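For the sequence shown, position 7 (counting from the first letter as 1) is numbered 6 according to numbering that gives the first Met the number 0, and the numbering increases by one without interruption.
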Amino acid sequence: MTSSIKKLKDLERSLTVSIEKDLYQSKFNEKISNLKKNVKLDGFRKGKVPNDVIEQRYGGSVHAEVLNDLIQDSYPKEIAEKKIRPANTPTISMVEDNPDKGIKYNAVFEVFPDIKPKVSSWKTFEKHKINILDEDIDHAIKDILERYGDWEKVERNSAENDQVIIDFEGTIEGEPFDGNTAKDFN
0 MTSSIKKLKD
10 LERSLTVSIE
20 KDLYQSKFNE
30 KISNLKKNVK
40 LDGFRKGKVP
50 NDVIEQRYGG
60 SVHAEVLNDL
70 IQDSYPKEIA
80 EKKIRPANTP
90 TISMVEDNPD
100 KGIKYNAVFE
110 VFPDIKPKVS
120 SWKTFEKHKI
130 NILDEDIDHA
140 IKDILERYGD
150 WEKVERNSAE
160 NDQVIIDFEG
170 TIEGEPFDGN
180 TAKDFN
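Next comes the structure, spelled out in structure tokens:
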């Protein structure tokens, strides 16, 4: 497998990957063999259909599946090997799609910019001191308990900040309508 990277614009890159025909052919034959085990065609017993008949019938979809697998395997490896950080999903286009010559595809994507901070002196930055009071901690704990606490059933009239479960039936001018009732509405 060979690859090359080309800079298209400031942050846009093009990765061209060539996959040898031997690798393609071995993956293709492997898929055909796996498919052969489950294919049942009229005139043949299950698992006994000849490879050339399977290729004739299912060759196009197997070819597409093998291409997809090879691209899914090779793209991340090549990106990692070249130490590139893509910022988006690549746009893939086939350059060479002939199994007898090998497979070649092109992936166009954007990369994250290299940002190097320019700091003249770290002494110009001040550290901020944060004073947290006990009442700030109590307020945060109370807020967490209100949001994530467990509800308990109580026998009294409802009050503010209570959670209630109700049954209701609605009408329009005394007539019921679709979706007008609910039981145990929360």
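Where a beta carbon is used, it is the ideal one built from N, C-alpha and C, also for glycine. As the structure is a computational prediction, the values presented were derived from the model and not from experiment.
The closest CA to that of H62, considering only S25, K117, N156, is found on S25. The DSSP-derived three-state label of I53 is helix. Between V110 and L10, the gap from beta carbon to beta carbon is short of 8 angstroms. Here A63 carries a helix assignment [DSSP, helix/strand/coil]. Of the residues assessed, V48 falls on the buried side of the cut-off, its CB having 16 or more other CB atoms within 10 angstroms.
Per the Cβ contact rule, the stretch 82–92 is not in contact with the stretch 124–134 (fewer than 3 Cβ pairs under 8 angstroms).
Ranked by Cα distance from D183, the options E174, G169, E172, I165 are led by I165.
The C-alpha of R12 is placed about 47 angstroms away from the C-alpha of L40. Taking all protein chains in view, the Cβ of A106 is crowded by 16 or more other Cβ atoms within 10 Å, so the residue is classified as buried.
The beta carbon of S17 is closer than 8 angstroms to those of M0, T1, S2, E95, G101, I102, K103 in its chain, skipping five residues each way along the sequence. By the CB criterion at 8 angstroms, T180 and E172 fall outside the cutoff. In the three-state scheme derived from DSSP, where H, G and I count as helix and E and B as strand, K35 is classed as helix. In this structure, the CA atom of L14 is about 53 angstroms from the CA atom of G148. At the C-beta level, K81 and I4 come within 8 angstroms of one another. Within a 10 Å sphere around the beta-carbon of I53 sit 16 or more other beta-carbons, which makes this residue buried.
The DSSP-derived three-state label of F43 is coil.
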